Ligand code: FEO
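Residue numbers (my numbering): 41 to 210.
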């Protein structure tokens with residue numbers, strides 16, 4: 041496959057492999073946010089459920105953005121296999137902690153691809169990925185805002201409902 045695409049591809053071939061790994065990572069993120077949305081729905085945390093349904097849709101958009109970029113530039117985007125998805129969480133706090141962990145992993149991965157782009161002088165892909173750099177900052181901030189609230193207010197009794205209400209503004 042590498043020989044086949046080498047002549048007609050505008051992006052570096054090794055970077056294409058990293059982008060395909062990123063496609064899979066975004067798909068996993070979308071699937072795990074869907075599981076989190078379902079857990080929140082089942083626990084009557086309706087605003088948090090909506091938040092994670094939206095996050096799940098956004099991650100699919102991220103996946104498709106990279107998918108199309110690879111194909112539009114002569115590469116071969118691979119439809120990803122979804123990894124194992126957790127469905128059980130002990131608390132809303134755990135859900136947001138896992139969400140933040142996931143975003144931090146994605147940020148590191150995007151940063152790593154950009155570093156590789158610089159080594160291989162693939163400035164087109166680096167430029168494309170700048171949008172994701174900004175997006176990741178915003179995504180991490182969203183999760184941290186909710187975790188700060190949880191730390192401040194706790195989750196006993198009415199506090200949990202109030203936090204769920206505030207997730208709308210996260
Ligand atoms: Fe697309 Fe938030 O990772």
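Even for Gly, the Cβ is constructed at its ideal location relative to N, Cα and C.
As the structure is a prediction and not an experimental result, all values here were calculated from the model.
Spatial distance of residue 94 from residue 116 (CA atoms):
So the two alpha carbons sit approximately 28 Å from each other.
Proximity to residue 279 [Cα-Cα], best of 146, 173, 63 and 126:
This structure cannot settle anything about residue 279, because the visible part of the chain is limited to 41 through 210.
How is the alpha helix (DSSP H) around residue 73 delimited, first residue to last?
Unbroken alpha helix (DSSP H) run through residue 73: 53-82.
Coarse secondary structure for residue 173, derived from DSSP in three states:
Here residue 173 sits in helix by DSSP.
Tell whether a beta-carbon distance below 9 Å holds between residue 77 and residue 89.
Going by C-beta atoms, residue 77 is nearer than 9 Å to residue 89.
State whether the region 128-138 contacts the region 171-191, with contact taken as three or more CB pairs (one from each stretch) at a distance under 8 Å.
These segments touch.
Spell out a yes or no on whether the region 117-134 and the region 147-164 are touching, meaning 3 or more CB-CB pairs, one atom from each, closer than 8 Å.
No, they do not touch.
Put residue 86 into one of helix, strand or coil per three-state DSSP.
Taken through DSSP and simplified to helix, strand or coil, residue 86 comes out as helix.
Could you check if residue 29 is buried or exposed, using at least 16 other CB atoms within 10 Å of its CB as the buried criterion?
The chain is shown only over 41 to 210; residue 29 falls outside these bounds and no answer can be derived.
If you count every other CB in all the chains shown that lies within 10 Å of the CB of residue 176, and 16 or more means buried, which is it?
Residue 176 is buried by the Cβ-count criterion.
Start-to-end residues for the alpha helix (DSSP H) that takes in residue 119
Residue 119 -> no alpha helix (DSSP H), and no H or E assigned at all.
Using the Cβ count rule (16 or more neighbours within 10 Å means buried), how would you classify residue 96?
Around the beta carbon of residue 96, 16 or more other beta carbons sit within 10 angstroms, so the residue counts as buried.
Candidates 185, 167, 61 and 173, of which the one nearest residue 118 by Cα:
When only C-alpha atoms are compared, the closest one is 61.
Going by the CB atoms, is the gap between residue 173 and residue 150 shorter than 9 Å?
Yes, Cβ-Cβ distance for residue 150 and residue 173 is below 9 Å.
Do residue 186 and ligand 1 come close, with the Cβ less than 8 Å from some heavy atom?
The beta carbon of residue 186 sits no closer than 8 Å to any heavy atom of ligand 1.
Does ligand 1 have even one heavy atom less than 8 Å from the beta-carbon of residue 69?
For ligand 1, at least one heavy atom lies less than 8 Å from the Cβ of residue 69.
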